[in-house]
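Visitor: Chains as they are written, first to last, in numbering that gives the first Met the number 0: chain A, 0 to 500; chain B, 0 to 500. One structure is given below, represented as structure tokens, and several questions about it will come after.
Protein chains: 2
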Amino acid sequence: MEPVKVQILMLQWVQMLRGPKKTLGTIALQHDAATSLHTQLASQLKSRIQHGELSAGQRLPSSRDLCALLRISRNTVIAAYDALLTEGYVEARERSGMFVGRAANAFRQNSHAGLHASKPGAQFRPDPVTRFRAPVPFRPSQPDVRLFPIRIWNRERARLLRRGTAILNYQSVFSSGFDGLRKILADYLRDSRGVRCDWREIAITSGSQQALFLLASLLVSPGDRVYLEDPGYLGARLALRQAGARISPLPVDNEGICLPPSDQRPVPLLYVTPSRQFPMGYCMSLARRLELLQFAVRKRTWIIEDDYDAEFRYSSPPLPSLQHLDDRRRVIYVGTFSKVLFPSLRIGYVVLPPRLVDRFNKLKHVAEDHGPLIDQATLASFIESGAFHTHLRRCRRAYAERREVFLKCVSRFGLPFRFPDTDGGMNLAALVPDHWNDEFVSERFRAANLDIPPLSRYSISQKTNGFLFGFTAFDPPAIEHAVKNVATTLHADSQHLPACN
Amino acid sequence: MEPVKVQILMLQWVQMLRGPKKTLGTIALQHDAATSLHTQLASQLKSRIQHGELSAGQRLPSSRDLCALLRISRNTVIAAYDALLTEGYVEARERSGMFVGRAANAFRQNSHAGLHASKPGAQFRPDPVTRFRAPVPFRPSQPDVRLFPIRIWNRERARLLRRGTAILNYQSVFSSGFDGLRKILADYLRDSRGVRCDWREIAITSGSQQALFLLASLLVSPGDRVYLEDPGYLGARLALRQAGARISPLPVDNEGICLPPSDQRPVPLLYVTPSRQFPMGYCMSLARRLELLQFAVRKRTWIIEDDYDAEFRYSSPPLPSLQHLDDRRRVIYVGTFSKVLFPSLRIGYVVLPPRLVDRFNKLKHVAEDHGPLIDQATLASFIESGAFHTHLRRCRRAYAERREVFLKCVSRFGLPFRFPDTDGGMNLAALVPDHWNDEFVSERFRAANLDIPPLSRYSISQKTNGFLFGFTAFDPPAIEHAVKNVATTLHADSQHLPACN
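As structure tokens, then:
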């Protein structure tokens, strides 16, 4: 390739009719580039406008002047101006010439506000990694990804890829997930969660959120009523609302969801978190579980059991799933690997009652087809190798310790929180006196670089006042430091804010 | 490992206070198992209760009696009873001992109903890898994944992962895709396809199928009419039907989709493949493009432009996209990396008109949240490094050669196919005489291990008779061999089948 010739011109262009001397800045046109001259010119003018160097209403040189200055053909300038006209960057005023468009002010506002200001002119140098963030204390439901044995994961992945390129191809048979993963998952769910299923009843999804979204599309018609826990998980509420559901909240006590005493209206779907009610943490009692299953049979209600973090139980072996008790197969079991592996992996799953398998698989095929297969196959090998169980045990130990450290710190700093008696999981709900405004305080926490959602965020019709603390993603020193920060924030507020005292 | 010792005990236990002689049945405790003795004991008692062998209110042996019978420590029995108490299977009555809980009756009801009683204890042994398959000739739209530089991809991926673990965390800001990828993609689409957009108008999806599905959910209400090309892409038709659309097919000629002369009814959406009509391969003429854009403005129709394989053009530089001409921003541009990288990666994208950006992002957040971020960040680095463009050039060269080889072989074997004059892409549509039954012949091909779909599969209201040959995934010797196989199959059929002659 011959060396690139670049023509650089400094344009001093006098705005002749009114106003001070203006400059268009440096215009660099490259005559033998792949991009045509008029495209180069247009894109550089556009960039000046986007950066506020040329502002709305400002007059631009006539095409005649500009072609002379740049020593290019007038047609080139006209083509460039045309493109800018088309895109709204400039405006032609009859008999006055070309002006920077009024939309330009919007660019300046955006760039002054500085929120997500981008530089469209391709000056962007991607720096892919610095933008990824670790969670801030005490963001709920976040695993500590530093514990994840990424080297072992990569070793299994490399082993897979060495066996051939076939895995890179589209695999139409796997639109509900790689068979190998579904099979080993059926074993794992049976052994660890008492889930009773054939592997063909499992579909792999992109996180549990996709499972909830697809189930909502499948089972809810617009206007249908669905039962949700109150307070409850927001992701489920959003998915069901998206499908047009009318939400009927059911209160929660320390035995789990409270069913309505008598309800004649049909309810096609009920969403519940029996192992550890989100966000309160209560484990649903056996009596309540059986009552719920009878309710589902009687009313022909599908139950979505979201078992989002049942792996993390510290004092006794995890309770079996609700699905385990469900002889009539009205329970749809949803789970995720986001919490036990790492969240950006995006692998979840759903265990379907036989009557829903075909319908769900068809929908999955239309909605996405299969997910990333290398990850799915790597996960199967990761579980098969035993690394998964080792990792799980390691996390359980670490998280149990962190739970203790958190509670000790809270006690040491004398924080006025009441924790319902739960096993923990990944989060602890802290109740506060009624006169507190948890949303307000949560905002104060945010200002102190603490990510502690108010419990009222998860409430639907009856307010639960408090905060949700996730303790798993932070090591003991970080927990201690952050609890101190919580104490300081509350103390500062108690001086001058009636919200908490 | 030493052989497993299993202690089996038949327990004859007399219920002393009232009632007949009862048995606990067989309790088998395995002393050196991974599962602790108390867990084994608890789970076996639980199973008796669940199966109605022990019924509500029935007295259980005291821990003292049971430890003696089973020859295990009393603490083990107490731990097992504690677990059952926690789960509500048993109840402790003051000064009377331990009883099967009242909830047990509900189990009997459920288990008598007996619908879909599944057999836990799966006999399955996973075999994760052998199941992945490469495509069979001439499966359409499949890249040759053997050309993909997986080592370079892995190198970029490893480099990313070395920079820290933050990328493993959930990143709520990236629910429409990793910023770094969206930015570099905006550049790439502008340079290669003339797509005009700000990077914030790009959303990353799990393949183009997810984009189509979400767009259909967003833009189509049940009963709405939508325009599709006839013949046309099945994935789009399925996604639109799923959203409840009524399909209005529009015929296709060698200038692309044929718009209806006058149509007063509203049509919210039109799906089109302008760069290379699927499956026929025609490139939409400029006149037709302008007509289509005017139509969209007049009727307020959203146009989905699916640019599924525009990267592969052999004779001239690719035409800019329809989106490039669309000053009024009615075109939604959909693309995928499945064809230019590898299909099991599952990364696609959509370029949204400004008015749809927020709505789409909200829906994406509810439907899935972000996709796998390691892949997205690796892809950004892969493009940035130049490896993407090198790979693309390499594929173009290889595929151009394969196209030539395919056409030469077809000619050499004198196959009675007529190929419309198209540039090729990844597939060639072969037209056959009207009296052929392409579906029948396609079945004969399948029996000869050829994957050649009939064109009528893509037809809606007017039948197009022929076959779709994908030539990209197969090297020249494989193509030659497979064309010979096609010739043999057709020849064999011509002897005794009226379908083709």
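Ideal Cβ positions, reconstructed from N, Cα and C, are used throughout, including at glycine. All of these numbers come straight from a predicted model, not from anything done at the bench.
Using a Cβ-Cβ cutoff of less than 7 Å, which residues in the same chain neighbour Ser-384 of chain A once the five nearest sequence positions on both sides are dropped?
Guide: As a working note, residue 384 of chain A is residue 385 in the first sequence. So the list reads Glu-155, once near-sequence residues are dropped.
Visitor: Using only the alpha-carbon positions, how far apart do Asn-484 of chain B and Trp-152 of chain B sit?
Guide: For this step, residue 484 of chain B is matched to residue 485 along the second sequence. For this step, residue 152 of chain B is matched to residue 153 along the second sequence. Going by the C-alpha atoms only, they are around 36 Å apart.
Visitor: Could you list the residues in the region 229–259 of chain B with a C-beta less than 7 Å from some C-beta on chain A, going in chain order?
Guide: Here the close residues are Leu-237, Ala-238, Gln-241.
Visitor: Would you check if there are 3 or more beta carbon pairs closer than 8 Å linking the region 191–200 of chain B to the region 354–366 of chain A?
Guide: No contact exists between the region 191–200 of chain B and the region 354–366 of chain A.
Visitor: Between which residues of its own chain and Arg-236 of chain B is the CB-CB distance below 7 Å, once the five residues before and five after are set aside?
Guide: For the purposes of this step, residue 236 of chain B is identified with residue 237 of the second sequence, where counting begins at 1. Excluding residues within five positions, the ones whose Cβ falls inside 7 Å are Leu-227, Ile-246.
Visitor: I'd like the ranges of any alpha helix (DSSP H) spanning at least 4 consecutive residues and lying wholly in the region 346–388 of chain A.
Guide: Here the runs fully enclosed are 353–366, 372–383.
Visitor: So, do the region 466–478 of chain A and the region 136–153 of chain A have three or more beta carbon pairs nearer to each other than 8 Å?
Guide: Result yes; three or more Cβ-Cβ pairs closer than 8 Å.
Visitor: Is the region 278–295 of chain A touching the region 452–468 of chain A, taking contact as three or more C-beta pairs under 8 Å?
Guide: Segments in contact, yes.
Visitor: Counting C-beta neighbours from all protein chains within 10 Å, is the total for Gln-170 of chain B 16 or more, i.e. buried, or is it exposed?
Guide: Looking up residue 170 of chain B in the second sequence gives position 171. Looking at its Cβ environment, which holds 16 or more other Cβ atoms inside 10 Å, Gln-170 of chain B is buried.
Visitor: Whose Cβ in chain A lies nearer than 8 Å to the Cβ of Asp-178 of chain B?
Guide: As a working note, residue 178 of chain B is residue 179 in the second sequence. Chain A residues near Asp-178 of chain B: Arg-130.
Visitor: Beta-carbon of Gln-208 of chain B versus every beta-carbon of chain A: anything under 8 Å?
Guide: The count along the second sequence starts at 1 and reaches residue 208 of chain B at position 209. Taking Cβ atoms only, chain A reaches closer than 8 Å to Gln-208 of chain B, which makes this a yes.
Visitor: Against chain A, does Pro-451 of chain B count as a neighbour if the rule is that its beta carbon must be under 8 Å from one of theirs?
Guide: Within the second sequence, residue 451 of chain B is the residue found at index 452, counting from 1. Just to set this straight, residue 451 of chain B is Ile in the shown sequence, not Pro. By this cut-off, Ile-451 of chain B is not an interface position.
Visitor: Ignore the nearest five residues each way along the sequence and tell me which others in Val-251 of chain A's own chain have a CB closer than 8 Å to its CB.
Guide: The residue labelled residue 251 of chain A in the question sits at position 252 within the first sequence. Contacts found: Glu-228, Asp-229, Pro-230, Gly-231, Cys-257, Gln-276, Met-279, Tyr-281.
Visitor: Can you tell me whether His-369 of chain A is buried or exposed, with buried defined as 16 or more other CB within 10 angstroms of its CB?
Guide: In the first sequence, residue 369 of chain A corresponds to position 370, counting from 1. It is buried - the Cβ of His-369 of chain A has at least 16 other Cβ atoms within 10 Å.
Visitor: Can you tell me which residues form a DSSP beta bridge with Gly-255 of chain A?
Guide: Your numbering for residue 255 of chain A matches position 256 in the first sequence. Beta-bridge pairing links Gly-255 of chain A to A:Asp-252.
Visitor: Who are the neighbours of Phe-470 of chain A on chain B, taking C-beta pairs under 7 Å?
Guide: Indexing the first sequence from 1 puts residue 470 of chain A at position 471. Going along chain B, no residue has its Cβ under 7 Å from Phe-470 of chain A, so there is no contact; the nearest lies around 16 Å.
Visitor: According to a CB-to-CB cut-off of less than 7 Å, which residues of the region 137–149 of chain A neighbour chain B?
Guide: Listed in sequence order: Gln-141, Val-144, Arg-145, Phe-147, Ile-149.
Visitor: By the three-class DSSP mapping on this structure, what secondary structure does Asp-474 of chain A have?
Guide: Counted from its first residue, the first sequence places residue 474 of chain A at position 475. Asp-474 of chain A: coil per DSSP, three-state reduction.
Visitor: So, under 8 Å CB-CB, Val-225 of chain A and Tyr-270 of chain A are touching, yes? Tell me the CB distance rounded to an integer number of Å.
Guide: As a first step, residue 225 of chain A is located in the first sequence; it is residue number 226 there, counting from the start. As a first step, residue 270 of chain A is located in the first sequence; it is residue number 271 there, counting from the start. Right, the Cβ-Cβ distance comes to about 7 Å (below 8 Å), so this counts as a contact.
Visitor: Check distances from the C-beta atoms of the region 190–215 of chain B to those of chain A and list, in chain order, the residues that come in under 8 Å.
Guide: Within the region 190–215 of chain B, the qualifying residues are Asp-190, Arg-195, Asp-197, Trp-198, Arg-199, Ser-205, Gly-206, Gln-208, Gln-209, Phe-212.
Visitor: For the structure I just gave you, are there three or more beta carbon pairs, one from the region 392–408 of chain A and one from the region 421–431 of chain A, closer than 8 Å?
Guide: Result yes; three or more Cβ-Cβ pairs closer than 8 Å.
Visitor: Among B:Lys-182, B:Arg-456, B:Pro-342, B:Val-365, whose alpha-carbon lies nearest the alpha-carbon of Leu-217 of chain B?
Guide: To locate residue 217 of chain B, count along the second sequence from 1; it is residue 218. The option with the nearest alpha carbon to Leu-217 of chain B is B:Val-365.
Visitor: For the beta strand (DSSP E) containing Asn-426 of chain B, name the first residue and the last one.
Guide: To locate residue 426 of chain B, count along the second sequence from 1; it is residue 427. Taken as a continuous stretch (DSSP letters only), the beta strand (DSSP E) holding Asn-426 of chain B covers 426–430.
Visitor: So what's Val-219 of chain A in DSSP terms, helix, strand or just coil?
Guide: To locate residue 219 of chain A, count along the first sequence from 1; it is residue 220. Three-state DSSP puts Val-219 of chain A in coil, outside helix and strand.
Visitor: Please name the residue in B:Pro-453, B:Arg-392, B:Asn-448 whose C-alpha comes closest to that of Ala-133 of chain B.
Guide: Reading the second sequence from its first residue, position 134 is the one you call residue 133 of chain B. The residue with the shortest Cα to Cα distance from Ala-133 of chain B is B:Asn-448.
Visitor: For a contact meaning CB atoms closer than 9 Å, what does Asp-374 of chain B contact in chain A?
Guide: For the purposes of this step, residue 374 of chain B is taken as the residue at position 375 of the second sequence. Ordered by position in chain A, the residues that pass the 9 Å Cβ test against Asp-374 of chain B are Pro-371, Ile-373, Asp-374.
Visitor: Which whole-angstrom value describes the C-beta separation of Leu-53 of chain A and Gln-39 of chain A, a residue pair presumed to lie in contact below a C-beta threshold of 8 Å?
Guide: Here residue 53 of chain A refers to the residue found at position 54 when the first sequence is read from its first residue. Here residue 39 of chain A refers to the residue found at position 40 when the first sequence is read from its first residue. 17 Å between Cβ atoms; not a contact.
Visitor: Answer with buried or exposed for Pro-259 of chain B, where buried requires no fewer than 16 other C-beta atoms within 10 angstroms of its C-beta.
Guide: Within the second sequence, the letter at position 260 stands for residue 259 of chain B. Answer is exposed; the Cβ neighbour count stays below 16.
Visitor: Going by DSSP in three states, Asp-450 of chain B sits in which element: helix, strand or coil?
Guide: As a working mapping, residue 450 of chain B is identified with position 451 in the second sequence. If DSSP states are grouped into helix, strand and coil, Asp-450 of chain B belongs with coil.
Visitor: What number of angstroms, rounded off, separates the C-alpha of Ala-116 of chain B from the C-alpha of Val-296 of chain A?
Guide: Within the second sequence, numbered from 1, the residue matching residue 116 of chain B stands at position 117. Within the first sequence, numbered from 1, the residue matching residue 296 of chain A stands at position 297. Since pLDDT at Ala-116 of chain B reaches only 36, below the 50 mark, its modelled position is unreliable, and no value is offered.
Visitor: Short of 7 Å in beta carbon distance, which residues of its chain neighbour Gly-222 of chain A, apart from the five on each side in sequence? Order them along the chain.
Guide: Within the first sequence, numbered from 1, the residue matching residue 222 of chain A stands at position 223. Gly-243, Arg-245, listed in sequence order.
Visitor: What residue from A:Phe-387, A:Glu-479, A:Trp-435 has the CA that sits closest to Phe-147 of chain A's CA?
Guide: For the purposes of this step, residue 147 of chain A is identified with residue 148 of the first sequence, where counting begins at 1. Comparing Cα positions, the closest option is A:Phe-387.
Visitor: Helix, strand or coil for Phe-439 of chain A per DSSP?
Guide: Here residue 439 of chain A refers to the residue found at position 440 of the first sequence. Three-state DSSP puts Phe-439 of chain A in a helix.
Visitor: Using a Cβ-Cβ cut-off of less than 7 Å, give me the residues of the region 148–177 of chain A that come near chain B, in sequence order.
Guide: From the region 148–177 of chain A, only Ile-149, Leu-159, Leu-160, Arg-162, Thr-164, Ala-165, Ile-166, Leu-167, Asn-168, Tyr-169, Gln-170 have a Cβ closer than 7 Å to chain B.
Visitor: Applying the criterion that 16 or more other CB atoms from any shown protein chain within 10 Å of the CB defines a buried residue, is Leu-285 of chain B buried or exposed?
Guide: For this step, residue 285 of chain B is matched to residue 286 along the second sequence. Leu-285 of chain B should be labelled exposed.
Visitor: Relative to the alpha-carbon of Leu-65 of chain B, which residue among B:Glu-442, B:His-37, B:Trp-198 has its alpha-carbon at the smallest distance?
Guide: Counting from one through the second sequence, the residue named residue 65 of chain B turns up at place 66. Cα-wise, what sits closest to Leu-65 of chain B is B:His-37.
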